[in-house]
Amino acid sequence: MAMPQSIHYIDAKGRVIRAINRVTSFVKASGDYNNDRTNIGKQAKIKQMLSELKEIRRCVNEDIQIMETAVGQSTAPIDVTDNKCSSSLISSFEDLFYELAAFADIHQFPLSPVTEMSQSFASSTAQQSGTLGNLSCFQLPKRKFPTFSGVITEWQGFEDLFHSILSHAPDLPNVEKFEYLKTSLQGEALSLVAHLPLTAANYLSAWDILKSRYGNKRDLARIHFQSLLKKHVVKSTDSQSIKTLLNSITEHTAALDNLDFVTRSWSPLLLYIFEQHLDYELRSRWELLVGDKHSPSLPEFIDFLRQHMRSAEVFIPSIPTTHIAKLPRSQEKPRTGSIQKILTATTSQSPNVNCPICNQAHSIRKCSRFNEQTPNERFQLAKSHKLCINCLGAGHTSAACPSKYKCQVCNRSHHSLLHFNSNSGSNSQQQMPSNVLPADASNAISMIVKGVPKRAILLSTAILDVIAADGHRHSLRALLDSGSQASFITEKAASLLMLRRFHSTVNVTTFASTTTTLVKGKATISILPCNKLSPSVSVDTLIVPKITGLTPQVPITHGTWTHVENLPLADPSYHLPGDIDLLLGADMFPSLVLTGQLKGKNGEPMAMETIFGWVLVGPIQSSSSGSLNSFCISVFENLDNTIKKFWELEELQAIHHLSEEDSIAEKFYQQTTTRLASGRFMVKLPFKSSRPLLGDSRTMALHRYRSLEIRLSRDQNLRQQYVEFMHDYVSNNHMELIPAEEKDLPYNYYIPHHCVLRPDSLTTKLRVVFNASARTTTGSSLNDLLYTGPKLQPDIQVVLLRARLWKYLFMADVKQMYRQIIMNPLDRNYLRILWRFTVDSPIEEYRLCTVTYGTSAAPYQALRTVRELAMVDGPKFPLAAKVLLNDTFIDDIITGANTEETAVECQSQLINLCGLAKFELRKWASNNTNIIQAVPCEARAMSPSLLFNSADHAELNCLGLKWDPSADIFSFHTQPSSKNPTKRSVLSDLARTFDPLGLLSPTTFWIKHFMQCLWISGINWDDPLPSDLSTLWKRYQSELHLINTLVIPRRITEDCAISVQLHAFSDSSQKGYAASVYLRVETATSVRCHLVTGKTRVAPLKHVTIPRLELCGAVLAAQLLRYTVSTFEDCLHIDNLTAWTDSTTALAWIRSSPHRLTTLSFMR
């Protein structure tokens, strides 16, 4: 009967337990010696025990290894599924071992045997011991520190070995340990700690950074899971494919077991996956072996693979080969079921091929004497030596030549070296094809070209390193092109780098406005100079199948260019044709080019200094190339989807539910937001993972800041405004200098900033915008790692509709709303910026202390804080709380009341409620003088006197509409365009008509219809309009000024109303359909009707019948009516609702049973 496989585990466990009991007796003996140190017998006893201690420890470690291996290979007893037992045993043993080691150190007892024997006894003992002598007697080779480049699967081995080597030098200072650590790191791993200065304190910080990045067992397990799920093609006759699958299973399941995952319990699932990899023959054998067995185990499957791997190895007899050569791709035949793979082998006993011309050990094609002859002479030599004129081989004729290649010049059946023109003399020498080159380099550059030398153009190429998704660095060849608006990477390179791709709707316009749609997506990469760790630049690239052909097209002869001698070239092989993997466009060009520039003589290239080294560019004296490469690429986002929304069918409104990420952001806000003693709110950044490492962002921020300073130096007025803005930040404690001891903290992010000018603003003409979407060396930005939060602001239509209900209306906005909310100090290092107030002072590092405009979470944090204020302190100020929740759009408050007393009380409550959180209200405006006079002059947006002088009109901006408080009317401002109309300029002019309430629906409907006609015409964006459309456009432009004379009463309600009704109307035509809502107010003396809102839709390009369009109009009217009712429900009581349509067909459909209708009618 065979012994069970678990016997090795059981035996090893028993030996370990006996060793622990034995060492326990040693500890007891050490206690006896301590109690009676004068006893010589006890002293000798403990010395002997201690001399055996190291050997016992070695045996225990071996047995523990046997136990853990058995668990990993699933040969342990069935009740043992992890390494808890072995871990517990080794822990108990180590405690006893170190207790005895400390005892021996205190009493100066050796842990190894003391040899005081005679020479003869020692020699006889050595003869008896054989190979069991102590290994410490031998000098082991010196160990080198391991290297780690960021491959997560190598992390655990690197960490254990590094600490093991350092354990032999326990007194080594941390600063030296840090130096050893840095020299052992490469690639991404080094970039994570490269910014840490070489200090003792940073040694442990570096380990924390590395462990947080690579020490996550879940990330490591994910890699092993991916490897196990990787597709394999396993054939019964291919031993290598079986071995690959076998190694993958054993390696990755053992690794998962070591990570405390019990892969034994996954056997059914894993077996199902692995079975899919087997070909029909192997799968049949496996099914025959398993039979009716309900649940075969993974070890059984592994044994099955091992057996068939051995049988597959003997399927094809081994051939003593030096190399195995496959047919060229052009000669491979299509695979069929009956064709087997044919391999040719050259044995080590094969005779060398000798040239028939010079009798040297090379083929005739590489013979210098043969190549020096004219084509006619080469042909005669080939005929005289009875060589095939097609392949220059011996033993067959050209008719029976197995080669499929032909002359690359004329495509006839002779070798390219034998090609000559019919009008060529016998002594004329032909130029060899550019891709048929002699073997040695000297012949490659000695081609003779007839005619006058012409110029070739060198393009600036560079060899650089790109970091792949797994942390490895790959060298790619890049082309620097300032004529491209974007950067590109080939699909082959993107696959090599395992880049994460994102969808892209970009069109690429090349030379002569040729548009292509070959963009396969977009990705972000990090590039560095070859074999260097900095600088690192993050590049957003578009993925394309191919960028260009070989660059240069033909080999270029080195010139004697003295001005570029000894320069470190970015591409040492610039003169040899090679593929271009990466194109760096004008979006990155300024970041890559440095100040160095060297020019040579006429016909010599210019050298430009870049971060990768020197690149050569420009015309040189060389043979003319067969074609010309010109790079000028324009990139623009596809506007089709946006424009088509003008005439798409109106869809039913979707109900937007809170997403999972929005729910997490809301929960995070509730758990982390606090209230300071001053009343201000303090929030934290809603990170998707706690304390993320974003890599190096300072280099990028510094580069952009220097570009900003160049812009500011050209406009002193702009610079002065910028300085005043930043002074305001500092004086209000919204920004602070970073303490010196915190500058080197790795958990940080530097935000680039620039300015936006707003000349029409009454208060802030210049605003500094912070770009938290700028990517770091890791390819991520701060905004990528933040939860954005749900949309909290109401629709602009809702706020404007409610503003039309009040007799007395007032407006205000919150001063610097974002900056009144404090950022938690723990997160401020992620809001660092670079700035200096004078160009002579050094650039200093600041951090922002408040919610920052430009971070993706800022709008949610600000609006959520306003809501929190209304909910927490709202019961004290009920009128103000209602306004903050319903009548506030971002930082603009637009509300009112129907009595002056209520309006003044609401204003007072708003000021007091917002003041509790240090929100200051300013830019007050109203159609009532008492409301304006209730605030200081500096807080007003208008003077109260304007309300008494009918000749003066104050046109205030009310969420995009023009409002005149004295006349209490809305108006519009338009300006005709003077540009020559093209599709692009027309779209730009049409987009200027802002009508959120639909009060200009007849005009906006014509705009949408005109845009549809432009689309149908098929003209390009910059083409002039066709004559018929141009006539319509000119008429529109000539009548556009009439809109400026249109005035709309702001208030649509009346005092002492008896009845209030809402009426919705819909209609349609072949061009489209529309709906409008009117408010009918009846008083004791009058009836007034006001247009509340309207919506229009153009008919789709696909023909739709008039009745169906009427039905779509009715649906639009019903939706608009429901929208209006929900907006007015807490402000205005509606007595009656009525919807009108003049289509009897639509009414019949509405009244009929839905199951009798078509799909379109039924859905509506």
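Heads up, the sequence shown is in the numbering used here, so the first residue is 6 and it goes up one at a time.
No residue lacks a Cβ here, since even glycine has one placed at the ideal position from N, Cα and C.
Spatially closest choice to residue i from the options, by CA coordinates
{"i": "Arg1093", "options": "Leu1116, Pro1112, Ser1071, Gln1066", "result": "Gln1066"}
{"i": "Asn738", "options": "Leu603, His758, Ile826", "result": "Ile826"}
{"i": "Leu276", "options": "Glu256, Asp262, Ser300", "result": "Ser300"}
{"i": "Met938", "options": "Leu918, Gln914, Leu961, Val909", "result": "Reading off the sequence shown, one finds Gln at residue 938, where the question assumed Met. Checked all of Leu918, Gln914, Leu961, Val909; the closest Cα to Gln938 is Val909."}
{"i": "Arg27", "options": "Leu197, Ser1064, Ile462, Ser97", "result": "Ser97"}
{"i": "Leu101", "options": "Asn512, Asp243, Cys90, Val65", "result": "Val65"}
{"i": "Pro550", "options": "Phe775, Glu181, Ser500", "result": "Ser500"}
{"i": "Arg1156", "options": "Ile1139, Leu1116, Lys928", "result": "Leu1116"}
{"i": "Leu251", "options": "Lys235, Pro795, Leu264", "result": "Lys235"}
{"i": "Val1052", "options": "Leu1005, Gln1017, Leu1019", "result": "Leu1005"}
{"i": "Ser694", "options": "Lys748, Asp789, Asp720", "result": "Asp789"}
{"i": "Phe999", "options": "Pro986, Gly965, Ile157", "result": "Gly965"}
{"i": "Leu1114", "options": "Ser543, Arg1102, Gly155, Glu104", "result": "Arg1102"}
{"i": "Pro2", "options": "Asn364, Met72, Arg869", "result": "With the chain covering 6 to 1169 only, the question about residue 2 has no answer from this structure."}
{"i": "Ala902", "options": "Asn933, Trp968, Leu547", "result": "Asn933"}
{"i": "Leu806", "options": "Met1016, Glu1134, Ser668, His173", "result": "Glu1134"}
{"i": "Lys967", "options": "Glu60, Pro1054, Asp243, Glu729", "result": "Pro1054"}
{"i": "Gly623", "options": "Pro610, Cys90, Ser289", "result": "Pro610"}
Simplified DSSP state of residue i, which is helix, strand or coil
{"i": "Leu926", "result": "strand"}
{"i": "Asp1072", "result": "strand"}
{"i": "Gln5", "result": "Absent from the model: residue 5. The displayed extent of the chain is 6 to 1169, so no value can be given."}
{"i": "Lys388", "result": "helix"}
{"i": "Gly46", "result": "helix"}
{"i": "Ala612", "result": "strand"}
{"i": "Asn571", "result": "coil"}
{"i": "Phe102", "result": "helix"}
{"i": "Ser125", "result": "Residue confidence is low: Ser125 scores 38 on pLDDT, short of 50, so the model does not pin down where it sits. No coordinate-derived value is stated."}
{"i": "Met816", "result": "strand"}
{"i": "Ile254", "result": "helix"}
{"i": "Asp586", "result": "coil"}
{"i": "Arg1085", "result": "strand"}
{"i": "Arg1113", "result": "helix"}
{"i": "Val524", "result": "coil"}
{"i": "Pro325", "result": "Only weak support exists for where Pro325 lies, its pLDDT of 38 falling under 50; the coordinates are left without a value."}
Range covered by the beta strand (DSSP E) that runs through residue i
{"i": "Cys1094", "result": "1092-1103"}
{"i": "Ala17", "result": "Segment 12-40 is the alpha helix (DSSP H) holding Ala17; no beta strand (DSSP E) there."}
{"i": "Phe686", "result": "686-688"}
{"i": "Trp1026", "result": "Premise fails: Trp1026 is in no beta strand (DSSP E) and is neither H nor E."}
{"i": "Ala902", "result": "897-902"}
Closer than 8 Å: residue i CB and nearest the ligand NAP heavy atom
{"i": "Leu275", "result": "Ligands are entirely absent from the displayed structure, and the ligand NAP is therefore not among its contents."}
Element boundaries [alpha helix (DSSP H), containing residue i]
{"i": "His477", "result": "It is not in any alpha helix (DSSP H) - His477 carries neither H nor E in the DSSP assignment."}
{"i": "Ser913", "result": "905-921"}
{"i": "Asp667", "result": "665-677"}
{"i": "Asp165", "result": "160-171"}
Any chance you could list the alpha helix (DSSP H) runs of at least 4 consecutive residues sitting entirely within the segment 192-238, in chain order?
192-198, 206-219, 222-234
Going residue by residue through the segment 529-556, where are the continuous beta strand (DSSP E) segments of at least 3 residues, counting only ones entirely within it?
542-549
Check whether the segment 575-587 touches the segment 488-502, taking contact to mean three or more Cβ pairs, one atom from each stretch, closer than 8 Å.
yes
My parser needs the beta strand (DSSP E) runs of 3 or more residues fully inside the segment 937-1001; what are they?
961-963, 966-969, 974-976
The segment 918-933 touching the segment 679-696, judged by at least three CB pairs closer than 8 Å
yes
Every unbroken alpha helix (DSSP H) inside the segment 827-879 [4 residues or more]
863-878
Of all the beta strand (DSSP E) runs that stay within the bounds of the segment 762-810, which reach a length of 3 or more residues?
771-775
Taking contact to mean at least 3 C-beta pairs separated by less than 8 Å, is the segment 1121-1139 in contact with the segment 1064-1081?
yes
Cβ contact (3+ pairs, closer than 8 Å) linking the segment 875-888 and the segment 841-849:
no
Three or more beta-carbon pairs under 8 Å between the segment 224-232 and the segment 195-209, yes or no?
no
Given 8 Å as the limit, is there contact between the segment 1039-1058 and the segment 972-985, that is, 3 or more CB pairs closer than that?
yes
Is there contact between the segment 768-781 and the segment 849-860, where contact requires at least three CB pairs shorter than 8 Å?
yes
Report yes or no: do the segment 690-708 and the segment 193-206 share at least 3 C-beta pairs separated by less than 8 Å?
yes
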